[in-house]
Amino acid sequence: MSEMETKTQVQNLIIQESLLTCIDLANSDLHQSVLLLKQACLDSGFLINHGISEEVMDKAFEKSKKFFAFPLEEKMKVLKNKKHRGYIPLYDQIPDPENQVQGTCNQFLTSKKFVECSQIIRDTFFFILKGITKKVTTLDPKRICKAIAKLLALALDLDADYFDSPEMLGKPISTLRLLHYEVLREIGSLKGNIWNGAHSDYKMMTLIATDGVLGLQICKDRNAKPQKWEYVPSIEGYNMIMFNFRYTLIPFFLEPNHDCIIECLPTCQSENNLPKFPAIKCWTHLTQRYEEVHSNFRSYEKHA
4 MSEMETKTQV
14 QNLIIQESLL
24 TCIDLANSDL
34 HQSVLLLKQA
44 CLDSGFLINH
54 GISEEVMDKA
64 FEKSKKFFAF
74 PLEEKMKVLK
84 NKKHRGYIPL
94 YDQIPDPENQ
104 VQGTCNQFLT
114 SKKFVECSQI
124 IRDTFFFILK
134 GITKKVTTLD
144 PKRICKAIAK
154 LLALALDLDA
164 DYFDSPEMLG
174 KPISTLRLLH
184 YEVLREIGSL
194 KGNIWNGAHS
204 DYKMMTLIAT
214 DGVLGLQICK
224 DRNAKPQKWE
234 YVPSIEGYNM
244 IMFNFRYTLI
254 PFFLEPNHDC
264 IIECLPTCQS
274 ENNLPKFPAI
284 KCWTHLTQRY
294 EEVHSNFRSY
304 EKHA
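Count along the sequence shown from 1, then add 3; that gives the number in the numbering used here.
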């Protein structure tokens, strides 16, 4: 199949964005927003009018692409630490071991203090994770997450501030990550080289900003073109317990306090529907998931 035929086939599979749920954070109709969030959780959707400007996102993506263009030896100077802060190279993660024969074809960068690295990479890093992050956090992605959490609580027949309690989101842990997918020239069967295996994240909530390039599969059973600058909200792994059941991206992760106990919500259980997961401390769950997905640190000893 030619490249043109492949492109046409992909385009034919893409559904119109207008058919997807859009949750407008500027909407004054709280009831409507709750219903839309319910639909998005059951299917897929976008988060719009989040308040983070196109100018800020443009600069973030510009500097992100500059970082990933550095030679590998430069990026390895800021290799991840034991808390997974820093540069994480290709093939580090295997989120879907049943369908992957090697790690994912992506690399990413999260906050870390740099000791030995070139001035240019240090300047780029601090521009992104101090300059851009400062601008973004002024607009406060946590505010966006808490707004979603309020809608989520109402959708689950809980008090609006249920998730915004001191025990859960009093001191939330947040992470801004720069993510880059490699271009795969040949995409064979699912077993083998794939950008990223099917998975749910293991935070409470993830907001993903894309650069508009096709690659992120937003819908589980069909293709949908990403809306540039609009966040794709993802309700994550903790909520499996609570609810009882290439290309450049900038994800923002939010998780509860480390000592928060994650357990099935009262409105999601009954005598006939008992909790399917035991209660677990947030930090314990997070550590277990990192150990399951990420490569052993011995893989990088030669770069130490």
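In this text, a Cβ means the ideal position worked out from N, Cα and C, and glycines have one as well.
Per the DSSP calculation, residue i is bridged to which residue(s)?
| i | result |
| --- | --- |
| residue 265 | 283 |
| residue 25 | 49 |
| residue 60 | Answer is none; residue 60 lacks a bridge partner. |
| residue 36 | None; residue 36 has no bridge partner. |
| residue 273 | 276 |
| residue 178 | 256 |
| residue 82 | 90 |
Kindly indicate which residue of the options has the alpha-carbon position closest to the one of residue i.
| i | options | result |
| --- | --- | --- |
| residue 211 | 257, 58 and 170 | 257 |
| residue 266 | 285, 41, 147 and 276 | 285 |
| residue 171 | 261, 35, 180 and 271 | 261 |
| residue 279 | 287, 264 and 268 | 268 |
| residue 24 | 35, 178 and 49 | 49 |
| residue 213 | 85, 60 and 83 | 60 |
| residue 184 | 43, 26, 72 and 152 | 72 |
| residue 293 | 58, 45, 78 and 83 | 83 |
| residue 177 | 57, 264 and 88 | 88 |
| residue 281 | 275, 273, 295 and 264 | 264 |
| residue 159 | 45, 173 and 90 | 45 |
| residue 206 | 28, 276, 291 and 154 | 291 |
| residue 150 | 168, 90 and 28 | 28 |
Would you tell me roughly how many angstroms separate the C-alpha atoms of residue i and residue j, rounded to the nearest one?
| i | j | result |
| --- | --- | --- |
| residue 64 | residue 165 | 34 Å |
| residue 146 | residue 32 | 18 Å |
| residue 37 | residue 30 | 11 Å |
| residue 271 | residue 157 | 13 Å |
| residue 148 | residue 208 | 7 Å |
| residue 180 | residue 74 | 19 Å |
| residue 92 | residue 68 | 15 Å |
| residue 40 | residue 287 | 29 Å |
| residue 162 | residue 175 | 19 Å |
| residue 51 | residue 152 | 15 Å |
| residue 34 | residue 53 | 18 Å |
| residue 79 | residue 66 | 18 Å |
| residue 182 | residue 70 | 10 Å |
| residue 57 | residue 275 | 48 Å |
| residue 81 | residue 273 | 49 Å |
| residue 47 | residue 77 | 38 Å |
| residue 283 | residue 289 | 10 Å |
| residue 26 | residue 55 | 15 Å |
| residue 295 | residue 167 | 29 Å |
| residue 43 | residue 169 | 27 Å |
Distance cutoff 8 Å, beta carbons only. Does residue i sit that close to anything in chain D?
| i | result |
| --- | --- |
| residue 273 | In the displayed structure, chain D is absent; only one protein chain is listed. |
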